[in-house]
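All letters in the sequence shown, in the order written, are residues 63 to 480 by the working numbering. Glycine included, every Cβ here is placed at the ideal spot set by N, Cα and C. For reference, the structure is listed below as structure tokens.
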Amino acid sequence: MTATVPQELTTFQEVNLFLDDSVERLGLPDSLREMLRQPWRELRVQVPVRMDDGRIEVFTGYRVQHNGARGPYKGGVRYHLQADRDEIRALASLMTWKNALVDLPFGGAKGGVRCDPNQLSQTELNRLTRRYTLNIAHLLAPNRDIPAPDMGTNAQTMAWMMDAYGQLHGHSPAIVTGKPVELGGSLGRDSATGRGVAFILQEAAGDLGLNLDGVRVVIQGYGNVGSWAASILHEDGCRIIAVSDVQGGTYNPKGIDVARLDDQKRAGIGVSEYPDGERISNDELLELDCDILIPAAIDNVINHQNAPRVKARVVFEAANHPITFAGDQILNDRGITILPDILVNAGGVTVSYFEWTQNLQEFKWEEERVNQELRKVMSKAYRAVRQRVVAQGINYRQAAFDIGVGRVARAVELRGFV
Ligand code: NAD
């Protein structure tokens, strides 16, 4: 892997370093590398919204379609203050490699609106979502580009998107995934990403020398992914010793009562207010002594500054790109194993795929079937990655990228583009 890395890289440049590394190992030609690097299409839109007090506020939205060689573009929509063109490009390219790694018939995309959803009322969010959807609608279709929830968006956001798209094209449930079940959403989609994290951990535990019973887990981010991962891993016998949200975290080395924390969250109280734990900052949380660290919030939280102080034995990347390229090198050098985002958090898009197929067939699966099929997909992807790790003596991220990038490169070649 590249020895020296400039530390001021954008997120998209960083993700492309992982791609370059893979292209080199796979021996792909430069022309193909360029096709794999750049997004195929991207759109920036103005999103003017009438606020509840009558003012008009103008937001900026994006949809980046990174690569469609393997099928319709697929990827979430993020509402966050850091959502800019570069971040959305990076996340779109990660979707390309992830969808290929778990062998879904999708290309990769991502969208976002630069805003703080916590500062907007439900009516403002509804108007913002509709305007954003109308402004990107010409890029969308059930067989062209299918959005889903990501940070700051949820099933309600998808319901508004489906409704806005339906006003143009008629009722089209397959236009978004992660919808409410009442509107054609899949059972098990809400928990899918967190459950996928747990499936990967169950698969990898033996190889990593971890006994799940009592293993100490720290989770950053207690939203959709973090909270589901916490409750499923808690059921699996893991000891969740610290969690956080944007406001800060809570730490109890004896273990947190996850059901109690979930009640607190439902009551709208931040996790740092948990009564039976020590209040800690997000920075402190990442450096806690633990067996497994699960970043499940935003990008770039483990970097060249704090990577030397991370004490976890293993990091499971539930968030997308939580570790910078330089942070990745430091953790690798320190012998800390990283299970990469494109494998660990692929459960969400996998059940999104199940939802899309259910919508197209107008047929509903039982939740048990969804979870069983999800386990099969995650397990198969983990085994393929692990096999490469062992056979080639490379790390998990390298192996996962090689599989994903190799499949996309093959699809591009087969289509006859180069
Ligand atoms: P979410 O909005 O439901 O939850 C995000 C959580 O992170 C919240 O608890 C929030 O308070 C916290 N957070 C936000 N900013 C933070 C900060 N600066 N420091 C610490 N915590 C912060 O989002 P989510 O859907 O759970 O997504 C979390 C991560 O998982 C993202 O990286 C996302 O791309 C990735 N992901 C999500 C899905 C999915 O299905 N939702 C699928 C794959 C990957």
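Proximity of residue i and residue j at Cβ, strictly below 8 Å
i: aspartate 212; j: valine 139; result: yes
i: phenylalanine 261; j: arginine 437; result: yes
i: leucine 355; j: valine 333; result: no
i: tyrosine 486; j: glutamine 326; result: Lying outside 63 to 480, the shown extent of the chain, residue 486 is not represented and no answer is given.
i: alanine 481; j: proline 204; result: As displayed, the chain neither begins before 63 nor continues past 480, which places residue 481 out of reach and without an answer.
i: isoleucine 385; j: valine 377; result: yes
i: alanine 267; j: leucine 274; result: yes
i: tyrosine 141; j: glycine 174; result: yes
i: threonine 73; j: alanine 152; result: yes
i: arginine 106; j: arginine 189; result: no
i: leucine 143; j: asparagine 382; result: no
i: serine 293; j: valine 432; result: no
i: valine 447; j: isoleucine 465; result: yes
i: alanine 473; j: arginine 125; result: no
i: valine 406; j: valine 280; result: no
i: leucine 71; j: valine 467; result: no
i: alanine 304; j: leucine 245; result: no
Rounded separation between residue i and residue j - CA only
i: alanine 380; j: alanine 358; result: 5 Å
i: leucine 270; j: leucine 98; result: 32 Å
i: isoleucine 198; j: alanine 145; result: 16 Å
i: glutamine 423; j: tyrosine 415; result: 12 Å
i: glycine 256; j: valine 287; result: 5 Å
i: aspartate 395; j: lysine 426; result: 47 Å
i: arginine 477; j: lysine 136; result: 19 Å
i: tyrosine 458; j: alanine 374; result: 16 Å
i: alanine 65; j: glutamate 76; result: The predicted position of alanine 65 is uncertain, since its pLDDT is 45 and thus under 50; no value can be drawn from it.
i: aspartate 353; j: proline 315; result: 12 Å
i: phenylalanine 387; j: glycine 89; result: 21 Å
i: leucine 347; j: glutamine 282; result: 7 Å
i: leucine 272; j: glutamate 428; result: 32 Å
i: alanine 408; j: aspartate 165; result: 10 Å
i: methionine 63; j: alanine 162; result: Because the pLDDT of methionine 63 is 46, which lies under 50, any placement of that residue in the model is unreliable, and the number read from its coordinates should be weighed accordingly. Computed Cα separation, rounded: 22 Å.
i: glycine 130; j: tryptophan 102; result: 8 Å
i: glutamine 229; j: histidine 366; result: 48 Å
Local Cβ density within 10 Å of residue i, reported as buried at 16 or more and exposed below that
i: threonine 219; result: buried
i: alanine 453; result: exposed
i: histidine 231; result: exposed
i: glutamate 149; result: buried
i: isoleucine 331; result: exposed
i: proline 134; result: buried
i: alanine 462; result: buried
i: lysine 241; result: buried
i: asparagine 362; result: buried
i: isoleucine 118; result: exposed
i: aspartate 114; result: exposed
i: glutamine 127; result: buried
i: alanine 221; result: buried
i: arginine 251; result: buried
i: asparagine 421; result: buried
i: arginine 328; result: exposed
i: asparagine 180; result: exposed
Closer than 7 Å: residue i CB and nearest ligand 1 heavy atom
i: asparagine 273; result: no
i: threonine 255; result: yes
i: aspartate 212; result: yes
i: glycine 138; result: yes
i: alanine 380; result: yes
i: asparagine 286; result: yes
i: glycine 410; result: yes
i: alanine 329; result: no
i: glycine 283; result: yes
i: isoleucine 360; result: yes
i: asparagine 344; result: yes
i: asparagine 511; result: It is not possible to answer for residue 511, since the shown part of the chain is limited to 63 through 480.
i: proline 368; result: The sequence shown places asparagine at residue 368, rather than the proline named in the question. Result no, Cβ not under 7 Å from ligand 1.
i: asparagine 457; result: no
i: asparagine 433; result: no
i: asparagine 314; result: no
Of the residues the options, the one placed nearest residue i, counting alpha carbons only
i: arginine 193; options: Ala145, Val164 and Gln108; result: Gln108
i: threonine 399; options: Ser93, Leu249, Leu263 and Asn382; result: Leu263
i: threonine 185; options: Met157, His128, Gly116 and Gln309; result: Gly116
i: serine 253; options: Leu476, Glu430 and Arg278; result: Glu430
i: proline 110; options: Asp92, Thr195 and Gln127; result: Thr195
i: leucine 393; options: Gly410, Ile364, Glu346 and Ile404; result: Ile364
i: glutamate 343; options: Ile360, Arg328, Gly311 and Glu417; result: The residue asked about is misnamed: residue 343 is serine in this sequence, not glutamate. Here the closest residue by C-alpha is Gly311.
i: glutamine 309; options: Arg322, Gly285 and Ala321; result: Gly285
i: glutamine 391; options: Ala369, Ile404, His383 and Gly410; result: Ala369
i: serine 183; options: Ala304, Gly214 and Ala210; result: Gly214
i: aspartate 338; options: Leu71, Asn216, Asp319 and Val470; result: Asp319
i: threonine 158; options: Ala471, Cys177 and Glu475; result: Ala471
i: alanine 443; options: Gly299, Lys160 and Leu295; result: Lys160
i: serine 306; options: Ser289, Glu297 and His296; result: Ser289
Closer than 7 Å: residue i CB and nearest ligand 3 heavy atom
i: aspartate 307; result: Summarising the ligand content, the structure contains ligand 1 and does not contain ligand 3.
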